[in-house]
Amino acid sequence: MRKLTIFLAFLLLAGFQVAAQVQISGTVTGASDGLPIPGVSIVVKGMETIGTSTDIDGKYSLTVPSDAQTLVYSFIGMLNKEILIGGRTIIDVALEEEVLEMDEVIVVAYGGIQRKEAKTGAVSTVTSADLKADAADSPIKMLKGKLAGVQINSTSGQPGGATQIRIRGFSSLNAGNNPLIVVDGVPIVNTSYNYASSAGDVLSTINPNDIESMTVLKDASSASIYGSRAANGVILITTKRGSAGDTKFNFTARHGWSTPTNDNGFRFMNPEEILTYHRVAAVNAGHDPDDPADAQYYYPMSLLDGELTNWWNQVYQTGETSEYELSVNGGNEKTKLYSALNYYDQEGIKIGTGLKRMSLRSNVDHKVGEKLNFGTNISGSYIKQKDQATDLAYANPFWAASSLLPWHNPYNEDGSFNDDLPSNNGSNPLENVALNERYDEMYKFLGSLYLEYEIIEGLKFKTQNSIDYLYGNGRDYRNPNTPDGEPAGNLYTANYSNRTITSSNTLNYVLDLNDEHFFNVLGGYEFTNNYYAFQSGSGQGVGVDIPYLSNASTNKDVSSQYLEWALQSYFGRLDYNYKGKYFFTGSIRTDGSSRFGKNNRYGLFYALGGSWNIHSEGFMSGLTMIDLLKLRASYGINGNDNIGTYQSYGVYGSRTYNGLGGLAPDQVSNPDLTWEENTTWNIGLDFTLYKRFTGSFEYYQRYTTEMLLNVPLSRTSGFATMRQNIGELSNKGIEFSLDTKIITGGDFDWSVGFNLAYNKVTLEDLATDAEFIESGSFWRRYVVGGGYSEYYVFDWAGVDPTTGAGLWYDDNGDITTNAAAARRVFKGQVEPDYVGGFNTHLGWKGITLDAYFEFKTGHYVYIMEHRYTDADGYNFGSNQTSYSLNYWEQPGDITYNPIPVAFNTSDSNAWGTSKFLEKGDYLRFKNLSLAYDLPTKLVEKIKLSSLRLSLNVENVYCWHDVSYWDPERDVTGGGYAIYPQPRTYTVGLKVGF
Amino acid sequence: MNKMKEIIKYLAAVLIIFGFIFTSCDDELEQLPPEQLSNELVLSTYDNLVLATNGIYNLLYDANWYGREFTVIGDLKGGNSKSSPLNTGRFQTEYNWGNNASSTSGLWTPAYYLISRANNVINATEGFTQTGITEAMIGQLKGEALFLRALAYFDLVRMYAQPYTADNGASLGVPVVLVTENGQPARNTVAEVYAQIVADLTTAEGITGTADRGQTDDAAMVTKEAIQALLAKVYLYMGDWGNAATYATKLINNPKFALYTAAEYNSVWGVDAASEVIFEVYGNATQSSWPGYDEIGYIYDPDGYGDVCATNQLLDLFEAGDVRADLFKGHPDYSGFLWPNKYPGKDIIRVNNIPVLRLAEMYLIRCEATLKGASSGVPAINDINTIRAKRNASALGSVTLQNLYEERRRELCFEGNELWDLSRTGRGLNRDEAEVIIAGDVDIAFPDYRWAMPIPTFELSANANMVQNPGY
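Okay, here's the thing in structure tokens:
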């Protein structure tokens, strides 16, 4: 802001008056390098119409009135300097480089940082101060609800559970919707591998505390320089770096307790309720629940007399989390260092689940002389994700607790595990957790070295070369004493490695012509090679004592997979601005990918963006309440290259026949196969009013063409389908964010923030004449003109008050009791309309209180397990949720559920019934944190430099109306026995010395 | 300006360096799948061509073909079998003759996949040369592929078209595709399909010997004899009695094959290379999509699915002492029902070899051809009695077509023939109303549109030139 006012003033230097005058001259140089700086603006303080600027050699000469006191020297990127004239006629000045605060800059692709006011695209940033790493096991989870247009779906509340990131909706049905993630300039592998467990978020190998900032590139102008990998947006993660000065050590210790969330009163039936329910259902089926001879229907009241177990209390636990970190930050003008060692151990709220991480990071920057810089970013980590079975597996503790009846107890009288559990197929969750083993381990190394050389002034060559290596192994052992391990112990093991080598080389030239035209030109070449290797082995009969594959006696099986791809890219970008008022960005990239068919091996991607700092215009000078007003527009094309590694080739794979090896076609050749193309428009407006209200507004359209779809083929071709670039999809949306500093200055400060995004996905074309295609899950469908995917469900019409029968609408709109005649209708969509969040910050003398909320509305969720947990008797012999208590008993009853009949065959709980489709809207009080930084004076007395105490609560409360523990589901809207989000209380201590 | 020159100089230097990297890395963009081979590579070397030929066969064991469905349908729709009391819905549609375009036979997919694989091999053998590889070696591969293609067309045209004998093949058959491509071929006539089958088999007969590649079961590989046997059967279906008899005779006179004796009759099923088998489909769990469950042995086993059992109409055809009547088994809970035991399983999960062509059928083909006017030199009564003698059945004094048709049922039941024996002889289906409990028609007259199965929906929607059979 300050700079711009001076610019403005400088421009108004049209006519200056002459009075008693003195001539002053001198040279302006940079303090760090002593080189002259051309274009420095020099004005007389208080007489801003009098001024000049330095020439190409940094020299200036200015005639000032004799009463002039002070000269002000200013230049972009340098701290302003005010010099008392004091009667001198020669004044040489050295300007210090300005160290930009993170909230004044944005991180840009291949370019370090850029001032916020220079941006032309849609870019959002979160810095470490806002990230609240206190309770996150993965950095991406910290973004939830913080940035408009960035939707984070937690598919599971499990430690290390995967997240689905969607930036401005969806671009693809078959090529993935995950953004590109770039850590310190290195695009990293963002595929989650989980062979033995259900977790496996590769991003949880990154220590969230290492992160300085995360920047999300949402539109073409900011992201298209990543070409064929940019269609789903880009997240730039910047880790902490050393700074010159005293060496600072920080030690952090945190301890947390996680408990299950249940903010909508969800529960399963208590012993009396479920017994009564069974007795009613047995009677309705024509049986006597008190007749021991009728064993299947024998549910006498005496069952309540014995020991009773609340199975949910058995499978839920209070999960404890411990975290310790030691970091060092220090260095001098030549060498700067940041190192951190972190240990993290989190227990899940589901028994037998947890995440353990050890990580180490070291970032070093070193200056060799004036022209050469180099540095390394090295991080290594180990994680172990302990898991249990998921979904409808009997071995899933959550599913077991959903099914098991309370009079079935976990232990026999002698203390051994009870396996006589007919309601869960004899599978005892406590025994499974005690005897079985199921985990995935990952070892991650990410290292890069950069070298930057200033060839001539303004022209820098930079090369960054990196290795991203991931090794993982998984183990799934089933003890023979558990049903899954019968008869003699089963074992599955897998290991894999994934190696990416990236060499990124750029040439960057910065030019300032006469302080009017500013150019920043970037050219680059990048090469990436990725190799993935996988082997697995399984066997039976491994027993208990030597539970390894070498001991397997039967059904030994091995399998393998090897994938390799390469990407070669050339790119360039031009940033230009005229007097800090008009900004232009143009970028271009060509990507050659081994994934693309040979007829389409190279793709060209580009973007154009412009912005106008309206507040810098002269006609705005009267409107002092407007501190910033910026209009932006961008257009560009980028791509999605996640089309499968070898999809374009016609290939033969192995077959066997009659003891002979053989080969047969596996895949139809498509040499035209290529990237999906994403065309994006973005219009944005940024503003700051009264120095208090800062916000932005964005409107965008994304259009995917060449979308990959499986096009049916005549079987005479030897194949059923061929993957072709043929479909189209669009996203349209608006985003709004506003931060308000209500009270600033003084001891007390208070601010609030709000962000909101609306996105509408439309499937425009599903190839040939298809109006819909099946989504792969039977209760959803992709429909032309519809959203990303629409629920396509059997139309439930409630319960007949006369008979208690379940009712449906048939194709004619008439009521029927025949589930097979029910019509299928589109009801609701999977993706939300509005996603957003709001937060508030209070600070008073070192005490800070932060709270933030996130919400989603307009979407529906499908509670799939209700087929079994609200089954109207179909799943007789299992526990049911309390929703089932609302059942029909006699004519005239208006109820939610039909009459329960033991072993019901009426299909009132049919797959895909609209009865189990619910509004998924929620508002979550996501985080509350209280921290106290002890006063420096006090801290120094105990020979420390800082001391911070903190208390953090994650998932404080959630307002929702979903009939489950937690309202969140993954992007399919479905899922069985989902691991709910935990509520976590964390206390922390951070000591600096 | 000097500065600009300097910049240009450096830029040029950097671009030259980039250019160097460019030329050296472009090859990296050619990444082939390491665990698979490109089409071009497979079809260009002899060793790979051998593997590609082996790879054609395994589709025969598909659950929609000889592996289960095709074979089951041949008897179920022909009245040899019915839904058992154990039925949980499998094959109800076929039993009711109620198939429509979305519930039609699944044969279409594996048969055309096989044809596309065979086409690749056949076309690759044209003009193939490689040092050390003789014409005979290449001919063997081509001959095997030609037989397999012919068998696929024969089964397709039987399943999805009206019989040749109804109108000398004037009605619509299936598309004849000889080069694999992403095309939308129209249907050829039944006669054109048969002409292609005969042409393929005749070519194959001249170039095929016996495969010697270390296979487990010789009878599950295409041989000259298999080609001749299929020709005999194809000619029978075309009503070419002379050629049918001629080719059947070649097999009957071939000392390689011998009729089962009565004593061994109960132990020759499902196993490798029994003495009568001219061509069979090799069964192995690794070829199955759901080993143990998707097997024909499981559908016919009352201790397995047991969905389909024998009709009384069939069982009543056996006289006392006929060993073929012993090839059934019951279930303690369901007296009065018998399940066929022709697929007892060569291992514990009921995987069987499925006989496609065997010697007894050659006798029956020649017997029928002779009865219908062929001059085979052997009286028809001799052929039928040769078989009956080996099955401990009494010798007939004379033989009528009715005797022959009944003998075919006794001998070939559950090998997937009766449905098409009825249609090619224009007899229609007459089931016993007392035992057949279905919603639809008990009897199906001939002609009737239902003797040709509907073309599958997925083919109609993907192929603009495809037309549905009349009536559907």
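Protein chains in written order, with the numbering used here: chain Y, 2 to 994; chain E, 178 to 649. We treat Cβ as the ideally placed atom computed from N, Cα and C, and that holds for glycine.
Contact check, residue i vs residue j, beta carbons under 7 Å
i: T286(E); j: R724(Y); result: no
i: F535(Y); j: Q562(Y); result: yes
i: D211(Y); j: R358(Y); result: no
i: T354(Y); j: Q982(Y); result: no
i: G719(Y); j: Y290(E); result: yes
i: Q386(Y); j: I352(Y); result: no
i: W676(Y); j: G604(Y); result: yes
Chain-ordered chain Y contacts of residue i [CB-CB under 7 Å]
i: V219(E); result: Y653, L664
i: V354(E); result: T717
Cutoff 8 Å; reference residue i; Cβ partners in own chain excluding five residues on either side
i: E371(Y); result: D34, E455
i: Y194(Y); result: G201, V203, D441, M443, L471, G473, Y497, N499
i: L228(E); result: V219
i: A21(Y); result: P66, S67, D68
Reference residue i, options the options, closest by Cα
i: G696(Y); options: K60(Y), G31(Y), D56(Y), V124(Y); result: V124(Y)
i: D873(Y); options: L237(Y), A286(Y), S259(Y), I226(Y); result: A286(Y)
i: N562(E); options: E588(E), L492(E), A551(E), Q464(E); result: E588(E)
i: Y853(Y); options: D834(Y), N928(Y), E919(Y); result: N928(Y)
i: L304(Y); options: R280(Y), T322(Y), D834(Y); result: R280(Y)
i: D796(Y); options: S776(Y), S790(Y), N819(Y); result: N819(Y)
i: F749(Y); options: G654(Y), E213(Y), G847(Y), S551(Y); result: G847(Y)
i: Y863(Y); options: Y700(Y), R781(Y), K120(Y); result: R781(Y)
i: P340(E); options: P556(E), E369(E), G283(E), T634(E); result: E369(E)
i: E273(Y); options: N311(Y), N265(Y), R255(Y); result: N311(Y)
i: R267(E); options: L284(E), E246(E), G256(E); result: E246(E)
Proximal chain E residues relative to residue i, where beta-carbon distance stays under 7 Å
i: E565(Y); result: Q208
i: N530(Y); result: E205
i: P713(Y); result: F635, S638, A639
Residues that residue i contacts on chain Y, provided the C-beta gap is smaller than 9 Å
i: N235(E); result: R656, T657, Y658, N659, G663, A665
i: P509(E); result: None at all; the shortest Cβ gap to chain Y is about 22 Å.
i: Q392(E); result: Y658, N659, G660, L661
i: L214(E); result: V652, Y653, G654, L664
Residues near residue i by beta carbon distance below 6 Å, same chain, minus five either side
i: L931(Y); result: L850, L952
i: D93(Y); result: G27, T28
i: G381(Y); result: L361, F446
i: E699(Y); result: A123, G685, E736
i: T763(Y); result: S731
Sequence-distant residues of its chain with Cβ nearer than 7 Å to residue i (five each side left out)
i: L578(E); result: L548
i: A283(Y); result: P290, Y298, Y300, A903
i: G976(Y); result: M865, R970
i: A322(E); result: T230, I233, A295, V298, I299
Partner residues on chain E for residue i, Cβ-Cβ distance less than 9 Å
i: P188(Y); result: Those within 9 Å of P188(Y) in chain E number zero; the least Cβ separation is about 17 Å.
Chain-ordered chain E contacts of residue i [CB-CB under 8 Å]
i: G573(Y); result: Residues of chain E passing the Cβ test: none, with the nearest at roughly 11 Å.
i: G593(Y); result: D203, L206
i: R116(Y); result: Neighbours of R116(Y) on chain E: none; closest Cβ ~24 Å, over 8 Å.
Under 8 Å by beta carbon: chain Y residues contacting residue i
i: W285(E); result: R716
Relative to chain Y, which residues along the segment 464–492 of chain E have a C-beta separation below 8 Å, given in chain order? Near chain Y, meaning a CB-to-CB distance below 8 Å, the residues of the segment 464–492 of chain E are Q464.
Determine which residues of the segment 295–324 of chain E have a Cβ less than 7 Å from any Cβ of chain Y, and write them out in chain order. Within the segment 295–324 of chain E, no residue qualifies.
With 8 Å as the limit, tell me which residues of the segment 394–423 of chain E have their beta carbon closer than that to any beta carbon of chain Y; keep them in chain order. Listed in sequence order: D394, A397, M398.
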